[in-house]
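There are 2 protein chains.
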Amino acid sequence: MTETNVLALENQVCFAITVAARATVALYRPILEPLGLTHPQYLVMLALWEENPRTLRSLADALRLEPATLSPLVKRLEATGYLRRERSTTDERALQVTLTSAGHELRQIAETIPERVARTLDMTPASLIELRDTLNSVIRATEAAGSTAPR
Amino acid sequence: MTETNVLALENQVCFAITVAARATVALYRPILEPLGLTHPQYLVMLALWEENPRTLRSLADALRLEPATLSPLVKRLEATGYLRRERSTTDERALQVTLTSAGHELRQIAETIPERVARTLDMTPASLIELRDTLNSVIRATEAAGSTAPR
DNA sequence: GGGATTTAGTTAGTACACTAACTAGTATGA
DNA sequence: TCATACTAGTTAGTGTACTAACTAAATCCC
Numbered sequence: 002m003t004e005t006n007v008l009a010l011e012n013q014v015c016f017a018i019t020v021a022a023r024a025t026v027a028l029y030r031p032i033l034e035p036l037g038l039t040h041p042q043y044l045v046m047l048a049l050w051e052e053n054p055r056t057l058r059s060l061a062d063a064l065r066l067e068p069a070t071l072s073p074l075v076k077r078l079e080a081t082g083y084l085r086r087e088r089s090t091t092d093e094r095a096l097q098v099t100l101t102s103a104g105h106e107l108r109q110i111a112e113t114i115p116e117r118v119a120r121t122l123d124m125t126p127a128s129l130i131e132l133r134d135t136l137n138s139v140i141r142a143t144e145a146a147g148s149t150a151p152r
Numbered sequence: 002m003t004e005t006n007v008l009a010l011e012n013q014v015c016f017a018i019t020v021a022a023r024a025t026v027a028l029y030r031p032i033l034e035p036l037g038l039t040h041p042q043y044l045v046m047l048a049l050w051e052e053n054p055r056t057l058r059s060l061a062d063a064l065r066l067e068p069a070t071l072s073p074l075v076k077r078l079e080a081t082g083y084l085r086r087e088r089s090t091t092d093e094r095a096l097q098v099t100l101t102s103a104g105h106e107l108r109q110i111a112e113t114i115p116e117r118v119a120r121t122l123d124m125t126p127a128s129l130i131e132l133r134d135t136l137n138s139v140i141r142a143t144e145a146a147g148s149t150a151p152r
């Protein structure tokens, strides 16, 4: 009987998921580069196209990132010209992030991106939706695990 | 009829995959921290437990990482004491990476990690295998896309 | 045999992504 | 009311992860 190696690299979900994530981000790189965006910056733009003036805290929650990670990232997006950073007038602690006109206009170009990426991946819409749902279940599982004591 | 937003953050596979990857790595953090390892460093150890003296180039290919990324990472593993770095005697360009006794001994402890992570995720072995296979198909798709001209 | 090319690894520069520590507003409650 | 606690964001430090540019060794091949 052949004993399966639990430590074999190719058997690890954690290896597959990190490689797949890096490979996916790499797919976006040539598409986003002409727009002056990195992949995390693109995700910030998606979040802003959904809800326009919003705080850094709100963005951090939506993107599942630490505010400390988002803070310099948003500064770079301001330097590129896609958004403005200003203190909220109602709460001086909060940083209000607002799309500029360039940020709004970028949306028209971005509309074509998901279809281009899907075409490059050559996967059916159904299998992409299934993958996304499976990943979301993994995310929910890790969130549930985070609230319980580690073993 | 409701028009689905192609740019909605929650619809993006690329968002789901990066969040899932970060969440998975976060799951390993408290487990690996006592061993003095980060997640990428753990993957290097897995690769070395499969094939022991091997070159940096061989590791980079196995882990799908750039040699430039691996170079400092392997230096940190040497500083921790899990491996030795020395030039190959047959090819002076190549860097031979060899496990130390501490590196070999670590394997016994690591054997328990996959089961602990799977338990925390609370997913069935079958669904984990299915997820891994789906991710591997994504990786293959991106590799195939990389060899063709970008659109 | 020796110049041109390829390959292995390193270094520099940019950009995440995390934790820990900090500042400064805001809310709470005895 | 006013000390205390909480919340929002920033900064510093460490560790990936990429591209581009570099050095040095090995291989090609005329």
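Chains A and Z supply the protein sequences, listed in that same order.
Quick note on my numbering: the first sequence kicks off at 2 and runs consecutively.
Quick note on my numbering: the second sequence kicks off at 2 and runs consecutively.
Built from N, CA and C at the ideal position, the CB exists for glycine as well.
Only a predicted model underlies this, so the values are computations on that prediction, with no experimental measurement involved.
Sort out for me which residues DSSP pairs residue i with in a bridge.
i, result
"V98 (chain Z)", "Z:R55 and Z:R86"
Does any residue of chain A have a CB that is nearer than 7 Å to the CB of residue i?
i, result
"N53 (chain Z)", "no"
"A150 (chain Z)", "Because the pLDDT of A150 (chain Z) is 43, which lies under 50, any placement of that residue in the model is unreliable, and the question is left without a value."
"A48 (chain Z)", "yes"
"P73 (chain Z)", "no"
Applying a beta-carbon distance threshold of less than 8 Å, which residues of chain Z neighbour residue i?
i, result
"A24 (chain A)", "R65, V139, I140, T143 and E144"
"L84 (chain A)", "Per Cβ cutoff of 8 Å: no residues; L84 (chain A) is ~16 Å from chain Z at best."
Since residue i meets chain A, which of its residues come closer than 9 Å, beta carbon to beta carbon?
i, result
"Y29 (chain Z)", "C15"
Give a yes or no on whether the minimum CB-CB distance between residue i and chain Z is below 7 Å.
i, result
"A21 (chain A)", "yes"
"P35 (chain A)", "no"
"V7 (chain A)", "yes"
"L60 (chain A)", "no"
Which residues in chain Z have a C-beta closer than 7 Å to the C-beta of residue i? List them in chain order.
i, result
"T135 (chain A)", "L132 and T135"
Give the residues of chain A in contact with residue i, contact being defined as C-beta atoms less than 8 Å apart.
i, result
"P68 (chain Z)", "Under the 8 Å cutoff, chain A gives no residues; its nearest Cβ is about 15 Å from P68 (chain Z)."
Could you tell me how far apart the beta carbons of residue i and residue j are, in whole angstroms, since I believe they sit closer than 8 Å?
i, j, result
"A146 (chain Z)", "L122 (chain A)", "7 Å"
"R58 (chain A)", "A95 (chain A)", "7 Å"
"L64 (chain Z)", "L38 (chain Z)", "Actually they are not in contact, since the Cβ atoms of L64 (chain Z) and L38 (chain Z) sit about 14 Å apart, beyond 8 Å."
"L49 (chain Z)", "V118 (chain Z)", "Going by Cβ atoms, the distance from L49 (chain Z) to V118 (chain Z) rounds to 20 Å, so no, they are not a contact pair."
"L74 (chain Z)", "P31 (chain Z)", "In fact, because the Cβ distance is near 20 Å, the residues do not count as touching under 8 Å."
"V14 (chain A)", "L129 (chain Z)", "5 Å"
"T101 (chain A)", "Y83 (chain A)", "6 Å"
Quick one: which chain Z residues come within Cβ less than 9 Å of residue i?
i, result
"P115 (chain A)", "V7, L8, N12, Q13, V14 and C15"
"D123 (chain A)", "A142, A145 and A146"
"L44 (chain A)", "L10, Q13, C15, F16 and T19"
Residues of chain A with CB under 7 Å from residue i, in chain order?
i, result
"L129 (chain Z)", "V14"
*Given a limit of 8 Å on CB to CB distance, which residues of the segment 92 to 113 of chain A reach chain Z?*
Correct list: R108, A111 and E112.
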